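Undergrad:
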Amino acid sequence: MNCSGSALSNTNYSATTIAGTGAGAGGCIPLPPPHLRHSRRASSSPLFQFQSRFIHPLTSKNCKPLRATTTSTISCSSNIEKAKLLRRILDSPGVHQGPACFDALSANLVQSAGFPLCFTSGFSISASRLGLPDTGYLSYGEMIDQGQLITQSVGIPVIGDADNGYGNAMNVKRTVKGYISAGFAGIILEDQVSPKACGHTQGRKVVSREEAVMRIKAAVDARNESGSDIVIVARTDSRQALSLDEALYRSRAFADAGADVVFIDALASKQEMEAFCQVSPLVPKMANMLEGGGKTPILTPLELEDIGYKIVAYPLSLIGVSIRAMQDSLTAIKGGRIPPPGSMPSFEEIKDILGFNTYYEEEKRYTTSTDQLLSKRESSSLYSIEQRDQADTEQTSQTINDPIVEVITPDVYNKYGADSSGNPFSGIWSRTLRIKITGRDGAEKLDLRIPAGFLDGITNIVPALGGVNLKKLLDNATEETGGKLLDFNDRMGDRIQVFLEKSIAHIDEGDRWKLRIQA
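Quick note: the sequence shown uses our numbering, first residue 55, plus one each step.
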(Lines of atoms letter the chains of each structure in order from A and count residues from 1; the text may use other names and numbers.)
(Lines give C-alpha, C1' and ligand atoms only; values in the text may rest on other atoms or scores of the structure.)
Protein backbone atom coordinates (compact mmCIF):
# COMPACT_ATOMS: atom_id res chain seq x y z
CA MET A 1 0.00 0.00 0.00
CA ASN A 2 1.36 3.44 -0.90
CA CYS A 3 0.61 6.28 1.47
CA SER A 4 0.11 9.45 -0.50
CA GLY A 5 0.23 13.03 0.57
CA SER A 6 3.24 12.70 2.89
CA ALA A 7 6.97 12.37 2.90
CA LEU A 8 6.37 8.62 2.51
CA SER A 9 4.32 8.88 -0.68
CA ASN A 10 6.86 6.84 -2.67
CA THR A 11 7.49 4.28 0.06
CA ASN A 12 5.92 0.85 -0.18
CA TYR A 13 4.66 -0.49 3.16
CA SER A 14 2.95 -3.76 3.88
CA ALA A 15 0.99 -1.89 6.56
CA THR A 16 1.22 1.74 7.55
CA THR A 17 -2.26 2.67 8.61
CA ILE A 18 -3.58 3.93 11.86
CA ALA A 19 -7.26 3.21 12.29
CA GLY A 20 -8.92 6.48 13.16
CA THR A 21 -11.94 8.55 12.59
CA GLY A 22 -10.03 11.20 10.69
CA ALA A 23 -8.33 8.87 8.22
CA GLY A 24 -11.34 7.45 6.52
CA ALA A 25 -12.20 3.76 6.39
CA GLY A 26 -8.95 1.88 6.21
CA GLY A 27 -7.06 4.92 4.90
CA CYS A 28 -3.43 5.87 5.49
CA ILE A 29 -2.52 8.64 7.85
CA PRO A 30 0.26 10.89 6.58
CA LEU A 31 3.42 11.29 8.61
CA PRO A 32 3.32 14.51 10.63
CA PRO A 33 5.13 17.43 8.99
CA PRO A 34 8.75 17.95 10.07
CA HIS A 35 7.97 20.81 12.45
CA LEU A 36 5.63 18.51 14.41
CA ARG A 37 7.70 15.35 14.39
CA HIS A 38 9.52 16.03 17.63
CA SER A 39 6.97 18.28 19.34
CA ARG A 40 4.54 15.50 20.39
CA ARG A 41 1.65 17.90 19.71
CA ALA A 42 0.54 15.75 16.80
CA SER A 43 -1.24 13.40 19.15
CA SER A 44 -3.95 16.00 19.65
CA SER A 45 -4.74 16.13 15.92
CA PRO A 46 -7.92 14.40 14.71
CA LEU A 47 -5.72 12.35 12.41
CA PHE A 48 -4.42 10.44 15.40
CA GLN A 49 -7.67 9.69 17.19
CA PHE A 50 -8.09 5.95 17.72
CA GLN A 51 -11.36 4.06 17.75
CA SER A 52 -10.00 2.21 20.81
CA ARG A 53 -7.37 3.41 23.21
CA PHE A 54 -5.38 0.18 22.73
CA ILE A 55 -6.00 -0.55 19.04
CA HIS A 56 -2.91 -1.78 17.24
CA PRO A 57 -1.29 1.34 15.70
CA LEU A 58 0.01 -0.55 12.67
CA THR A 59 -3.19 -2.19 11.49
CA SER A 60 -6.61 -1.40 10.18
CA LYS A 61 -9.38 -3.49 8.71
CA ASN A 62 -7.83 -3.20 5.25
CA CYS A 63 -4.17 -3.62 6.18
CA LYS A 64 -2.32 -6.61 7.55
CA PRO A 65 0.27 -6.27 10.35
CA LEU A 66 3.86 -5.86 9.33
CA ARG A 67 5.47 -9.26 9.05
CA ALA A 68 8.79 -10.35 7.64
CA THR A 69 8.54 -13.24 5.19
CA THR A 70 12.14 -14.38 5.47
CA THR A 71 15.07 -13.74 7.77
CA SER A 72 16.66 -11.37 5.27
CA THR A 73 13.57 -9.42 4.16
CA ILE A 74 11.80 -6.70 6.11
CA SER A 75 8.48 -5.02 5.40
CA CYS A 76 9.81 -1.45 5.34
CA SER A 77 11.90 -0.56 2.31
CA SER A 78 14.75 0.78 4.48
CA ASN A 79 15.79 1.35 8.05
CA ILE A 80 14.75 5.00 7.76
CA GLU A 81 11.11 4.01 7.41
CA LYS A 82 11.29 1.94 10.59
CA ALA A 83 12.45 4.97 12.55
CA LYS A 84 9.64 7.05 11.04
CA LEU A 85 7.19 4.30 11.88
CA LEU A 86 8.36 4.37 15.49
CA ARG A 87 7.82 8.13 15.58
CA ARG A 88 4.28 7.64 14.33
CA ILE A 89 3.69 5.21 17.19
CA LEU A 90 5.02 7.78 19.66
CA ASP A 91 2.73 10.41 18.14
CA SER A 92 -0.35 8.19 18.42
CA PRO A 93 -2.63 8.10 21.48
CA GLY A 94 -2.38 5.50 24.22
CA VAL A 95 0.46 3.58 25.78
CA HIS A 96 2.37 1.11 23.61
CA GLN A 97 3.81 -2.13 24.99
CA GLY A 98 7.07 -3.64 23.80
CA PRO A 99 8.37 -6.94 25.17
CA ALA A 100 12.17 -7.25 25.12
CA CYS A 101 13.66 -9.82 22.77
CA PHE A 102 17.14 -11.31 22.74
CA ASP A 103 17.44 -13.02 19.34
CA ALA A 104 15.72 -13.25 15.97
CA LEU A 105 13.30 -15.97 17.07
CA SER A 106 12.06 -14.08 20.13
CA ALA A 107 11.70 -10.92 18.02
CA ASN A 108 9.60 -12.83 15.49
CA LEU A 109 7.38 -14.15 18.25
CA VAL A 110 6.86 -10.61 19.54
CA GLN A 111 5.85 -9.49 16.05
CA SER A 112 3.57 -12.50 15.50
CA ALA A 113 1.82 -11.73 18.79
CA GLY A 114 0.78 -8.36 17.34
CA PHE A 115 2.98 -5.92 19.28
CA PRO A 116 3.76 -2.69 17.40
CA LEU A 117 7.38 -2.55 18.58
CA CYS A 118 9.93 -4.40 20.62
CA PHE A 119 13.06 -3.69 22.61
CA THR A 120 16.34 -5.52 22.86
CA SER A 121 17.46 -6.33 26.38
CA GLY A 122 21.15 -6.22 27.23
CA PHE A 123 20.35 -8.31 30.28
CA SER A 124 18.77 -11.05 28.14
CA ILE A 125 21.35 -10.90 25.35
CA SER A 126 24.17 -11.23 27.89
CA ALA A 127 22.38 -14.25 29.32
CA SER A 128 21.56 -15.96 26.01
CA ARG A 129 24.69 -15.09 24.02
CA LEU A 130 27.35 -15.29 26.74
CA GLY A 131 25.66 -17.10 29.61
CA LEU A 132 26.90 -14.27 31.82
CA PRO A 133 25.30 -11.60 34.03
CA ASP A 134 24.55 -8.11 32.77
CA THR A 135 27.61 -6.54 34.38
CA GLY A 136 29.35 -4.98 31.41
CA TYR A 137 30.66 -8.10 29.65
CA LEU A 138 28.87 -7.41 26.37
CA SER A 139 30.82 -5.31 23.88
CA TYR A 140 29.68 -2.85 21.24
CA GLY A 141 30.52 -5.31 18.46
CA GLU A 142 28.53 -8.14 20.03
CA MET A 143 25.47 -5.95 20.50
CA ILE A 144 25.67 -4.72 16.88
CA ASP A 145 25.99 -8.28 15.59
CA GLN A 146 23.05 -9.56 17.64
CA GLY A 147 20.99 -6.46 16.88
CA GLN A 148 21.40 -6.78 13.13
CA LEU A 149 20.11 -10.36 13.21
CA ILE A 150 17.09 -9.15 15.18
CA THR A 151 16.21 -6.09 13.07
CA GLN A 152 16.56 -7.99 9.78
CA SER A 153 14.15 -10.68 10.96
CA VAL A 154 11.14 -8.44 11.68
CA GLY A 155 9.21 -5.56 10.16
CA ILE A 156 8.26 -3.81 13.40
CA PRO A 157 10.51 -1.10 14.85
CA VAL A 158 13.15 -2.30 17.31
CA ILE A 159 14.56 -0.06 20.07
CA GLY A 160 18.10 -1.19 20.89
CA ASP A 161 19.72 -1.26 24.31
CA ALA A 162 23.08 0.50 23.84
CA ASP A 163 24.13 0.53 27.50
CA ASN A 164 26.21 3.65 28.22
CA GLY A 165 27.33 4.12 24.62
CA TYR A 166 30.51 2.13 25.30
CA GLY A 167 32.67 5.08 26.28
CA ASN A 168 32.79 8.87 26.15
CA ALA A 169 30.83 11.21 23.89
CA MET A 170 32.90 10.27 20.84
CA ASN A 171 32.20 6.59 21.45
CA VAL A 172 28.51 7.44 21.78
CA LYS A 173 28.54 9.01 18.31
CA ARG A 174 30.07 5.84 16.84
CA THR A 175 27.55 3.70 18.72
CA VAL A 176 24.58 5.68 17.40
CA LYS A 177 25.81 5.46 13.82
CA GLY A 178 26.44 1.74 14.25
CA TYR A 179 22.93 1.16 15.58
CA ILE A 180 21.50 3.12 12.65
CA SER A 181 23.41 0.89 10.21
CA ALA A 182 22.26 -2.22 12.10
CA GLY A 183 18.64 -1.28 11.44
CA PHE A 184 17.47 -0.08 14.84
CA ALA A 185 14.58 2.38 14.91
CA GLY A 186 15.52 3.62 18.38
CA ILE A 187 18.46 3.55 20.76
CA ILE A 188 18.56 3.66 24.56
CA LEU A 189 21.57 5.44 26.09
CA GLU A 190 22.22 5.61 29.83
CA ASP A 191 24.46 7.60 32.14
CA GLN A 192 26.19 4.78 34.04
CA VAL A 193 29.94 4.51 34.41
CA SER A 194 31.88 1.59 32.95
CA PRO A 195 31.46 -1.25 33.55
CA LYS A 196 27.70 -0.77 33.64
CA ALA A 197 25.13 -3.23 34.96
CA CYS A 198 21.41 -3.82 35.29
CA GLY A 199 19.78 -0.76 36.87
CA HIS A 200 17.90 -2.85 39.44
CA THR A 201 21.06 -4.43 40.87
CA GLN A 202 23.28 -3.11 43.62
CA GLY A 203 26.16 -0.65 43.34
CA ARG A 204 24.92 1.57 40.52
CA LYS A 205 27.19 4.51 39.70
CA VAL A 206 26.65 7.31 37.18
CA VAL A 207 28.84 9.83 35.42
CA SER A 208 28.63 13.54 36.22
CA ARG A 209 25.59 15.52 35.19
CA GLU A 210 27.59 17.45 32.58
CA GLU A 211 29.04 14.31 30.97
CA ALA A 212 25.62 12.65 30.92
CA VAL A 213 24.13 15.58 28.99
CA MET A 214 27.09 15.68 26.60
CA ARG A 215 26.46 12.03 25.70
CA ILE A 216 22.93 12.87 24.62
CA LYS A 217 24.08 15.90 22.64
CA ALA A 218 26.64 13.68 20.89
CA ALA A 219 23.92 11.16 20.08
CA VAL A 220 21.74 13.89 18.54
CA ASP A 221 24.68 15.14 16.49
CA ALA A 222 25.39 11.61 15.23
CA ARG A 223 21.79 11.22 14.15
CA ASN A 224 21.81 14.52 12.28
CA GLU A 225 25.15 13.76 10.62
CA SER A 226 23.80 10.43 9.42
CA GLY A 227 20.61 11.89 7.98
CA SER A 228 18.69 9.40 10.10
CA ASP A 229 15.52 9.75 12.13
CA ILE A 230 16.46 7.20 14.80
CA VAL A 231 14.62 7.78 18.08
CA ILE A 232 16.96 8.63 20.98
CA VAL A 233 15.82 7.35 24.36
CA ALA A 234 17.80 8.99 27.17
CA ARG A 235 17.96 6.93 30.34
CA THR A 236 19.28 7.90 33.76
CA ASP A 237 20.17 5.51 36.58
CA SER A 238 20.70 8.34 39.04
CA ARG A 239 17.53 7.51 41.02
CA GLN A 240 19.29 4.59 42.72
CA ALA A 241 22.80 5.99 42.41
CA LEU A 242 22.05 9.50 43.76
CA SER A 243 18.49 10.70 44.37
CA LEU A 244 15.07 11.21 42.82
CA ASP A 245 15.67 14.97 42.51
CA GLU A 246 18.86 14.36 40.53
CA ALA A 247 17.08 11.88 38.28
CA LEU A 248 14.31 14.41 37.56
CA TYR A 249 16.86 17.13 36.84
CA ARG A 250 18.78 14.92 34.40
CA SER A 251 15.60 13.90 32.61
CA ARG A 252 14.71 17.52 32.01
CA ALA A 253 18.25 18.26 30.81
CA PHE A 254 18.17 15.26 28.44
CA ALA A 255 14.92 16.53 26.90
CA ASP A 256 16.42 19.98 26.44
CA ALA A 257 19.47 18.38 24.76
CA GLY A 258 17.26 16.81 22.10
CA ALA A 259 16.27 13.39 23.43
CA ASP A 260 13.05 12.07 21.88
CA VAL A 261 12.07 9.93 24.90
CA VAL A 262 13.23 10.10 28.51
CA PHE A 263 13.45 7.22 30.96
CA ILE A 264 14.31 6.95 34.67
CA ASP A 265 15.15 3.38 35.60
CA ALA A 266 14.31 1.78 38.94
CA LEU A 267 11.79 4.34 40.23
CA ALA A 268 10.64 3.03 43.59
CA SER A 269 6.95 3.99 43.82
CA LYS A 270 3.91 5.10 41.87
CA GLN A 271 4.33 8.59 43.33
CA GLU A 272 7.85 8.80 41.91
CA MET A 273 6.55 7.66 38.52
CA GLU A 274 3.90 10.40 38.60
CA ALA A 275 6.53 13.03 39.46
CA PHE A 276 8.67 11.86 36.55
CA CYS A 277 5.83 12.15 34.03
CA GLN A 278 5.30 15.80 35.00
CA VAL A 279 8.81 16.65 33.76
CA SER A 280 8.92 18.01 30.18
CA PRO A 281 5.30 17.02 29.47
CA LEU A 282 5.68 17.21 25.66
CA VAL A 283 8.42 14.55 25.64
CA PRO A 284 7.25 10.89 25.79
CA LYS A 285 8.15 8.85 28.85
CA MET A 286 9.28 5.25 28.93
CA ALA A 287 8.45 2.79 31.72
CA ASN A 288 10.34 -0.39 32.56
CA MET A 289 8.17 -3.14 34.11
CA LEU A 290 10.93 -5.43 35.36
CA GLU A 291 9.15 -8.70 36.09
CA GLY A 292 9.75 -10.95 39.06
CA GLY A 293 10.85 -8.50 41.74
CA GLY A 294 12.39 -5.27 40.45
CA LYS A 295 12.37 -1.98 42.32
CA THR A 296 9.62 -0.40 40.20
CA PRO A 297 5.99 -1.36 40.97
CA ILE A 298 4.27 -3.33 38.19
CA LEU A 299 1.32 -1.36 36.81
CA THR A 300 -1.22 -2.18 34.12
CA PRO A 301 -1.09 -0.42 30.74
CA LEU A 302 -4.16 1.62 31.71
CA GLU A 303 -2.49 2.78 34.92
CA LEU A 304 0.70 3.67 33.05
CA GLU A 305 -1.27 5.66 30.48
CA ASP A 306 -3.16 7.54 33.19
CA ILE A 307 0.15 8.49 34.83
CA GLY A 308 1.51 9.76 31.52
CA TYR A 309 3.72 7.05 30.01
CA LYS A 310 3.91 6.50 26.26
CA ILE A 311 5.93 3.27 25.83
CA VAL A 312 6.56 0.43 28.26
CA ALA A 313 9.18 -2.33 28.15
CA TYR A 314 8.91 -5.82 29.63
CA PRO A 315 12.59 -6.81 29.83
CA LEU A 316 12.59 -10.29 31.40
CA SER A 317 9.36 -12.04 30.41
CA LEU A 318 10.71 -13.88 27.38
CA ILE A 319 14.12 -14.84 28.76
CA GLY A 320 12.58 -15.72 32.14
CA VAL A 321 9.96 -18.15 30.86
CA SER A 322 12.55 -19.62 28.46
CA ILE A 323 14.89 -20.41 31.34
CA ARG A 324 12.15 -22.10 33.36
CA ALA A 325 10.86 -24.07 30.36
CA MET A 326 14.36 -25.36 29.57
CA GLN A 327 14.95 -26.34 33.19
CA ASP A 328 11.68 -28.30 33.30
CA SER A 329 12.44 -30.01 29.99
CA LEU A 330 15.93 -31.03 31.10
CA THR A 331 14.55 -32.43 34.34
CA ALA A 332 12.07 -34.51 32.36
CA ILE A 333 14.73 -35.81 29.97
CA LYS A 334 17.08 -36.66 32.83
CA GLY A 335 14.22 -38.55 34.46
CA GLY A 336 13.76 -40.73 31.39
CA ARG A 337 10.82 -38.84 29.93
CA ILE A 338 10.28 -36.19 27.31
CA PRO A 339 8.49 -32.91 28.05
CA PRO A 340 4.71 -33.46 28.11
CA PRO A 341 2.84 -32.43 24.94
CA GLY A 342 1.16 -29.46 26.60
CA SER A 343 4.49 -27.88 27.55
CA MET A 344 5.81 -27.45 24.01
CA PRO A 345 4.49 -26.92 20.47
CA SER A 346 4.14 -29.91 18.18
CA PHE A 347 6.75 -30.40 15.48
CA GLU A 348 4.26 -29.11 12.89
CA GLU A 349 3.63 -26.01 14.98
CA ILE A 350 7.37 -25.40 15.36
CA LYS A 351 7.85 -25.65 11.60
CA ASP A 352 5.00 -23.20 11.03
CA ILE A 353 6.42 -20.73 13.56
CA LEU A 354 9.83 -20.86 11.90
CA GLY A 355 8.36 -20.34 8.43
CA PHE A 356 8.83 -23.74 6.78
CA ASN A 357 5.39 -23.62 5.17
CA THR A 358 5.96 -20.09 3.91
CA TYR A 359 9.30 -21.19 2.49
CA TYR A 360 7.74 -24.14 0.67
CA GLU A 361 5.06 -21.92 -0.87
CA GLU A 362 7.58 -19.34 -2.01
CA GLU A 363 9.88 -22.06 -3.33
CA LYS A 364 7.18 -23.12 -5.80
CA ARG A 365 7.59 -19.81 -7.62
CA TYR A 366 11.09 -20.83 -8.70
CA THR A 367 10.44 -24.45 -9.67
CA THR A 368 12.15 -25.46 -12.93
CA SER A 369 11.05 -28.10 -15.42
CA THR A 370 13.81 -30.38 -14.11
CA ASP A 371 12.46 -30.03 -10.58
CA GLN A 372 8.98 -30.99 -11.77
CA LEU A 373 10.33 -34.07 -13.56
CA LEU A 374 12.21 -35.19 -10.46
CA SER A 375 9.07 -34.61 -8.40
CA LYS A 376 7.06 -36.88 -10.71
CA ARG A 377 9.70 -39.58 -10.49
CA GLU A 378 9.71 -39.36 -6.69
CA SER A 379 5.92 -39.65 -6.66
CA SER A 380 6.08 -42.71 -8.95
CA SER A 381 8.72 -44.32 -6.73
CA LEU A 382 6.65 -43.58 -3.67
CA TYR A 383 3.63 -45.27 -5.28
CA SER A 384 5.73 -48.35 -6.02
CA ILE A 385 6.95 -48.45 -2.44
CA GLU A 386 3.38 -48.16 -1.16
CA GLN A 387 2.35 -51.07 -3.41
CA ARG A 388 5.18 -53.22 -2.07
CA ASP A 389 4.32 -52.27 1.50
CA GLN A 390 0.71 -53.24 0.88
CA ALA A 391 1.78 -56.64 -0.50
CA ASP A 392 4.08 -57.18 2.48
CA THR A 393 1.25 -56.28 4.83
CA GLU A 394 -1.08 -58.78 3.17
CA GLN A 395 1.58 -61.46 3.40
CA THR A 396 2.42 -60.86 7.04
CA SER A 397 -1.20 -60.41 8.12
CA GLN A 398 -1.59 -64.17 7.98
CA THR A 399 0.68 -64.46 11.02
CA ILE A 400 -1.08 -61.85 13.10
CA ASN A 401 -3.23 -64.45 14.79
CA ASP A 402 -0.29 -66.72 15.66
CA PRO A 403 -0.02 -67.59 19.36
CA ILE A 404 1.64 -64.99 21.57
CA VAL A 405 4.45 -66.46 23.64
CA GLU A 406 5.07 -64.92 27.04
CA VAL A 407 8.71 -65.20 28.01
CA ILE A 408 10.14 -65.05 31.51
CA THR A 409 13.92 -64.94 31.54
CA PRO A 410 15.46 -67.55 33.87
CA ASP A 411 17.74 -64.99 35.56
CA VAL A 412 14.85 -62.88 36.74
CA TYR A 413 12.69 -65.88 37.58
CA ASN A 414 15.33 -67.71 39.65
CA LYS A 415 16.45 -64.55 41.46
CA TYR A 416 13.34 -64.62 43.58
CA GLY A 417 13.19 -68.40 44.07
CA ALA A 418 9.98 -68.89 42.19
CA ASP A 419 11.22 -72.10 40.53
CA SER A 420 10.79 -74.06 43.75
CA SER A 421 7.03 -73.98 43.31
CA GLY A 422 4.95 -76.11 41.01
CA ASN A 423 3.13 -72.99 39.90
CA PRO A 424 5.41 -70.77 37.77
CA PHE A 425 3.43 -67.73 38.90
CA SER A 426 3.64 -68.37 42.64
CA GLY A 427 5.36 -66.16 45.19
CA ILE A 428 6.42 -62.77 43.92
CA TRP A 429 5.09 -63.61 40.44
CA SER A 430 1.58 -63.89 41.84
CA ARG A 431 1.55 -60.16 42.51
CA THR A 432 1.15 -57.22 40.18
CA LEU A 433 2.32 -53.66 40.58
CA ARG A 434 0.36 -50.75 39.19
CA ILE A 435 2.45 -47.64 38.55
CA LYS A 436 0.61 -44.37 37.98
CA ILE A 437 2.14 -40.96 37.18
CA THR A 438 0.01 -37.82 37.22
CA GLY A 439 1.48 -34.52 35.98
CA ARG A 440 1.40 -31.40 38.08
CA ASP A 441 -1.26 -30.09 35.70
CA GLY A 442 -3.49 -33.06 36.57
CA ALA A 443 -2.95 -34.87 33.27
CA GLU A 444 -2.31 -38.61 33.37
CA LYS A 445 1.16 -39.40 32.02
CA LEU A 446 1.51 -43.11 32.80
CA ASP A 447 -0.69 -45.95 34.07
CA LEU A 448 0.67 -49.49 33.69
CA ARG A 449 0.67 -52.86 35.41
CA ILE A 450 3.66 -55.20 35.52
CA PRO A 451 4.51 -58.46 37.27
CA ALA A 452 6.27 -57.79 40.54
CA GLY A 453 9.10 -60.07 39.42
CA PHE A 454 10.32 -57.44 37.00
CA LEU A 455 11.41 -55.07 39.77
CA ASP A 456 14.81 -54.46 38.20
CA GLY A 457 13.16 -53.21 35.01
CA ILE A 458 10.88 -50.71 36.72
CA THR A 459 13.60 -48.08 37.08
CA ASN A 460 14.09 -48.10 33.32
CA ILE A 461 10.50 -46.96 33.00
CA VAL A 462 10.32 -44.67 36.05
CA PRO A 463 13.86 -43.54 37.04
CA ALA A 464 12.44 -41.74 40.09
CA LEU A 465 11.92 -45.19 41.69
CA GLY A 466 15.64 -45.92 41.47
CA GLY A 467 16.28 -45.30 45.16
CA VAL A 468 13.21 -47.17 46.44
CA ASN A 469 13.48 -50.73 47.80
CA LEU A 470 10.31 -52.10 46.23
CA LYS A 471 11.25 -55.71 47.11
CA LYS A 472 11.25 -54.84 50.79
CA LEU A 473 7.93 -53.02 50.44
CA LEU A 474 6.47 -56.13 48.79
CA ASP A 475 7.81 -58.43 51.50
CA ASN A 476 6.21 -56.26 54.19
CA ALA A 477 2.91 -55.86 52.34
CA THR A 478 -0.12 -57.88 53.40
CA GLU A 479 -1.65 -60.49 51.17
CA GLU A 480 -4.53 -58.15 50.47
CA THR A 481 -4.46 -56.52 47.08
CA GLY A 482 -5.29 -52.94 46.20
CA GLY A 483 -2.97 -51.43 48.81
CA LYS A 484 -0.90 -48.31 48.10
CA LEU A 485 2.84 -48.91 48.46
CA LEU A 486 4.13 -45.46 47.49
CA ASP A 487 2.76 -41.97 46.91
CA PHE A 488 5.18 -39.06 46.38
CA ASN A 489 6.10 -36.18 44.05
CA ASP A 490 9.30 -36.18 42.02
CA ARG A 491 11.49 -33.19 41.19
CA MET A 492 9.27 -32.28 38.24
CA GLY A 493 6.28 -32.05 40.55
CA ASP A 494 4.69 -35.18 39.06
CA ARG A 495 2.80 -37.44 41.46
CA ILE A 496 4.06 -41.05 41.42
CA GLN A 497 1.89 -43.79 42.95
CA VAL A 498 2.62 -47.51 43.24
CA PHE A 499 -0.20 -49.94 44.09
CA LEU A 500 -0.23 -53.68 44.85
CA GLU A 501 -2.96 -55.20 42.72
CA LYS A 502 -4.70 -58.45 41.80
CA SER A 503 -3.06 -61.80 41.12
CA ILE A 504 -1.42 -62.09 37.74
CA ALA A 505 -3.42 -65.27 37.14
CA HIS A 506 -6.53 -63.09 36.99
CA ILE A 507 -5.16 -60.24 34.89
CA ASP A 508 -6.82 -59.81 31.54
CA GLU A 509 -4.79 -60.70 28.49
CA GLY A 510 -4.63 -57.01 27.55
CA ASP A 511 -2.93 -56.17 30.86
CA ARG A 512 -0.13 -58.73 30.71
CA TRP A 513 3.30 -58.02 29.36
CA LYS A 514 3.78 -59.98 26.16
CA LEU A 515 6.76 -60.58 23.97
CA ARG A 516 6.06 -61.70 20.42
CA ILE A 517 8.66 -64.06 19.02
CA GLN A 518 8.97 -63.50 15.31
CA ALA A 519 10.99 -65.50 12.80
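Here a beta-carbon is modelled for each residue, glycine too, at the ideal position from N, C-alpha and C.
Just so it is clear, the structure is predicted and the values come from calculations on it, not from any experiment.
Quick one: using the 10 Å Cβ neighbour count with 16 as the cut-off for buried, is Q294 buried or exposed?
TA: buried
Undergrad: For T492, name the three-state secondary structure that DSSP assigns.
TA: strand
Undergrad: Which whole-angstrom value describes the C-beta separation of M327 and L321, a residue pair presumed to lie in contact below a C-beta threshold of 8 Å?
TA: Yes, they are in contact, since the Cβ atoms of M327 and L321 sit about 5 Å apart, within 8 Å.
Undergrad: Who are the Cβ neighbours of R263 in its own chain at under 8 Å, not counting the five residues just before and after it?
TA: E300, Y303, R304, A307
Undergrad: For R549, which residues in the same chain have their Cβ closer than 6 Å to its Cβ, ignoring the five residues on either side in sequence?
TA: T492, N543
Undergrad: Counting pairs of beta carbons, one from the region 175-182 and one from the region 401-414, are three or more of them closer than 8 Å?
TA: no
Undergrad: Straight-line CA distance for N222 to V149?
TA: 33 Å
Undergrad: Taking Cβ positions, are P211 and L163 nearer each other than 7 Å?
TA: Between P211 and L163, the C-beta spacing is not below 7 Å.
Undergrad: Is it a yes or a no for the region 149-159 touching the region 352-365, going by three-plus beta-carbon pairs under 8 Å?
TA: yes
Undergrad: Can you have a look at A518 and say buried or exposed, based on whether 16 or more other CB atoms are within 10 angstroms of its CB?
TA: buried
Undergrad: Cβ of A272 within 7 Å of Cβ of I286?
TA: No. Outside cutoff.
Undergrad: By DSSP, does K339 sit in helix, in strand, or in coil?
TA: strand
Undergrad: Determine the DSSP secondary structure at E555, reduced to helix, strand or coil.
TA: Strand at E555.
Undergrad: Going straight from the alpha carbon of K490 to that of M340, what length do you get?
TA: 51 Å
Undergrad: Alpha carbon to alpha carbon, how far is T513 from C155? Give it in angstroms, no decimals.
TA: 41 Å
Undergrad: Which same chain residues end up closer than 8 Å to L370 when comparing Cβ atoms and leaving out the 5 residues on each side of it in sequence?
TA: A154, S175, F177, S178, L344, E345, G346
Undergrad: Let me know the secondary structure DSSP gives D544 once reduced to three states.
TA: coil
Undergrad: Just how far apart, CA to CA, sit T205 and K138?
TA: 15 Å
Undergrad: Run the CB neighbour count on G209, radius 10 Å, all protein chains shown included, and call it buried at 16 or more, exposed below.
TA: buried
Undergrad: Would you give the residue range spanned by the alpha helix (DSSP H) that D529 belongs to?
TA: 524-530
Undergrad: What are the boundary residues of the alpha helix (DSSP H) that includes D299?
TA: 298-310
Undergrad: In whole angstroms, give me the CA-to-CA distance for L298 and N225.
TA: 28 Å
Undergrad: Expressed to the nearest angstrom, what Euclidean distance is found between the alpha-carbon atoms of T189 and G219?
TA: Rounded to the nearest angstrom, the gap between the Cα atoms of T189 and G219 is 14 Å.
Undergrad: Taking Q332 as the reference, which of N342, A309, K349 has the closest Cα?
TA: A309
Undergrad: Grab the span of the alpha helix (DSSP H) containing R142 for me, first residue to last.
TA: 133-145
Undergrad: Find the nearest neighbour of I583 within the set I365, P187, D215, judged by alpha-carbon distance.
TA: With the chain represented from 55 up to 573, any question about residue 583 goes unanswered, as that position is not in the structure.
Undergrad: For R391, does the three-state DSSP call read helix, strand or coil?
TA: Judged by DSSP in its simplified three-state form, R391 adopts coil rather than helix or strand.
Undergrad: Ordered along the chain, which non-local residues of its own chain (more than five positions away) have a Cβ less than 7 Å from that of I361?
TA: M327, E328, C331
Undergrad: Would you say R289 and E244 are within 7 Å of each other, going by their C-beta atoms?
TA: Taking C-beta atoms as the reference points, R289 and E244 count as a pair closer than 7 Å.
Undergrad: Counting C-beta neighbours from all protein chains within 10 Å, is the total for K324 16 or more, i.e. buried, or is it exposed?
TA: exposed
Undergrad: For E279, which of K250, A313, A236, R228 has the nearest alpha-carbon?
TA: R228
Undergrad: Excluding five sequence neighbours on each side, which residues of the same chain lie with their C-beta closer than 7 Å to the C-beta of K231?
TA: A276, S280
Undergrad: Give, in chain order, every unbroken run of the alpha helix (DSSP H) that is at least 4 residues long and sits entirely within the region 188-250.
TA: For the region 188-250, whole alpha helix (DSSP H) runs of length 4 or above, ordered along the chain, are 194-207, 223-235.
Undergrad: Determine the burial state of L554: buried for a count of at least 16 other Cβ atoms within 10 Å of its Cβ, exposed for fewer.
TA: buried
Undergrad: If we ignore side chains and look at the alpha-carbon of each, how far apart do P187 and D319 end up?
TA: Spanning the two alpha carbons is a distance of roughly 18 Å.
Undergrad: Locate the alpha helix (DSSP H) running through K324, then write down its first and last residues.
TA: 324-331
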